[in-house]
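K.L.:
The structure is given below, and queries will be raised subsequently.
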Amino acid sequence: MRLEKRVALVTGGGRGIGREIALALAREGADAVIWDVNPADAEITAKDIEALGRKALAAQVDVTDLAKAEEGINKILDKFGKIDILVNNAGITRDTLLMRMSEADWDAVIKVNLKGTFNCTKAVTRPMLKNKYGRIINIASIIGIMGNAGQANYAASKAGIIALTKTTAKELGSRNITANAVAPGYIDTEMTQKLPEDVRQKMLALVPLGRMGRPADVANVCAFLASSDADYITGQVIVVDGGMVMA
Ligand code: NDP
């Protein structure tokens, strides 16, 4: 129970990796707020958190909307009095080769992945500064480190998240607020289930551990980064990819 009395917000927590992160934080004792564009999914995660004996709050918040994010943070402060942990997990893909990529595909991915991370980080900054405590965890991707054909928008958004993480760490470190990125590899969720089978097999062949990652593999690292075990870690990118990318 490393997160007792902590209050966590997980964006895109209705399903996939975000849902698993919210549950992992709750198992460690944290109360959790789930934001998602799909309110029904967010409610299900919140109910499962309550079943673990924690307090939970589900809300339909689109992270691309700064005003909505700020309003959502105020509601969390009203209910819980503080916010200790932010996990910027909401993310989308619109894959196609650069030459065919529409402006709308580019804008949509940058808007959710990168601007969404900025919006939520900006919205928690004031309450975290006031509290002199904060743990910000941004879900990047190994694609933001290595690039990938067909994912120019996604790769750029995730590389941007890494730079944003390091800047956040430098700006807020003196107030005991850490910011780290987790860069998952190939994780089994709806996002990767929609890839063609031949692409999935090619990706799998690149994983030394010989299996796809599970959402829990990512969630466990987030729980560690949110805990006091990681108090002296900030501005880092933790790769969780079964060995796909080695520095
Ligand atoms: P999923 O598509 O399974 O889940 C993403 C969740 O985010 C969904 O619940 C989705 O809602 C929600 N969401 C999408 N847009 C917004 C928005 N604008 N505001 C709030 N919530 C939103 O993805 P994963 O669980 O696979 O991915 C989670 C994160 O991990 C993403 O940032 C992704 O880039 C990253 N990642 C995933 C990898 C993988 O292999 N799966 C690898 C590396 C990184 P809705 O249900 O309505 O779509």
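Throughout the sequence shown, residue numbering follows the numbering used here, covering 15 to 261 in sequence.
Don't be surprised by glycine CBs; every beta carbon is placed ideally from N, CA and C.
Please name the residue or residues paired with residue 27 in a DSSP beta bridge.
P.N.:
For the purposes of this step, residue 27 is taken as the residue at position 13 of the sequence shown. DSSP, once it has assigned bridges, lists no residue as partnering residue 27.
K.L.:
Based on Cα-Cα distance, which residue from 69, 102, 41, 66 lies nearest to residue 50?
P.N.:
Locating residue 50 in the sequence shown gives position 36, counting from the first residue. The shortest C-alpha separation from residue 50 is found at 102.
K.L.:
Would you kindly report the start and end of the unbroken alpha helix (DSSP H) that includes residue 214?
P.N.:
Counting from 1 along the sequence shown, the entry for residue 214 is found at position 200. Per DSSP, residue 214 belongs to the alpha helix (DSSP H) from 211 to 219.
K.L.:
Can you look up residue 119 in the DSSP assignment and give me helix, strand or coil?
P.N.:
Numbered from its first residue, the sequence shown carries residue 119 at position 105. Residue 119 falls in the helix class under three-state DSSP.
K.L.:
Since residue 229 is in the alpha helix (DSSP H), which residue starts that stretch and which ends it?
P.N.:
The residue labelled residue 229 in the question sits at position 215 within the sequence shown. Residues 229 to 240.
K.L.:
If we count the other Cβ atoms within 10 Å of its Cβ and call it buried at 16 or more, is residue 114 buried or exposed?
P.N.:
Taking the sequence shown and counting its residues from 1, the one referred to as residue 114 is at position 100. Residue 114 is exposed by the Cβ-count criterion.
K.L.:
Applying the 10 Å Cβ sphere with the 16-neighbour rule, what's the burial state of residue 198?
P.N.:
Reading the sequence shown from its first residue, position 184 is the one you call residue 198. Buried, because 16 or more other Cβ atoms sit within 10 Å of the Cβ of residue 198.
K.L.:
Under three-state DSSP, which class holds residue 198?
P.N.:
As a first step, residue 198 must be located in the sequence shown, where it is residue number 184. Strand.
K.L.:
For a test of the three-state rule: what should DSSP assign to residue 138, helix, strand or coil?
P.N.:
If you number the sequence shown from 1, residue 138 lands on position 124. Here residue 138 sits in helix by DSSP.
K.L.:
If contact is defined by three or more beta carbon pairs under 8 Å, each pair taking one atom from either stretch, is the stretch 178 to 198 in contact with the stretch 148 to 164?
P.N.:
The stretch 148 to 164 vs the stretch 178 to 198: in contact.
K.L.:
Quick check: what's the CA-CA separation for residue 33 versus residue 178?
P.N.:
As a position in the sequence shown, residue 33 is number 19, starting the count at 1. As a position in the sequence shown, residue 178 is number 164, starting the count at 1. Cα to Cα, residue 33 sits roughly 23 Å from residue 178.
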